[in-house]
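With our numbering, letter number 110 in the sequence shown gets 110, and the count goes up by one each step, no holes. Contents: one structure, followed by commentary.
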Amino acid sequence: MGLLIDIIGGLLLVSGAAFLLFGSLGLLRMPDVFNRIQAGTKTTTLGTLLTLAGAACLQPAWGWKLLLIGVFLIFTNPVSAQVLANTAHRRGAQKTPLTKIDQLAEDQEGKA
């Protein structure tokens with residue numbers, strides 16, 4: 001049973017590292033800051049959670065601490081991405097020409 005948990009933990013670590021790698025590639029490939037924030041947030045959240053799960057399998061004594069880190073990450077990562085995107089929008093960050101709809105600008109026009 002211990003060998004199976006070690007294999008699962010190793011697979012989780014490798015898959016988490018792969019998601020983190022894909023996230024870094026997404027940061028390079030995406031055309032504008034908003035797409036980069038979205039790609040980076042989603043992949044780092046999943047990659048880090050998988051890495052934490054793998055570490056919990058390999059070191060069960062750390063399980064509760066890693067769970068708390070994961071919960072903190074689930075709450076803070078999307079919030080920080082939203083704050084970054086909102087700030088970039090307010091500062092007038094360039095959008096890709098493929099962007100057709102800007103709902104935040106439409107909402108701000110409706111309030112003015």
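Ideal Cβ positions, reconstructed from N, Cα and C, are used throughout, including at glycine.
Non-local beta-carbon contacts of Leu58 in its own chain, meaning distances under 7 Å to residues more than five positions away in sequence, involve Asp6 and Gly9 in chain order. Boundaries of the alpha helix (DSSP H) harbouring Thr41: Val33 to Leu58, taken from the DSSP string. Classified as exposed, Ile101 has fewer than 16 neighbouring CB atoms from the shown chains inside 10 Å of its CB. Between Thr51 and Gly2, the C-beta spacing is not below 8 Å.
Only residues of its own chain outside the window of five on either side were considered, and among them Asn77 have a CB closer than 6 Å to the CB of Thr45, listed in chain order.
Cβ-Cβ distances below 6 Å link Gly70 to Leu49 and Leu52 in the same chain, with the five nearest sequence neighbours on each side left out; the list follows chain order.
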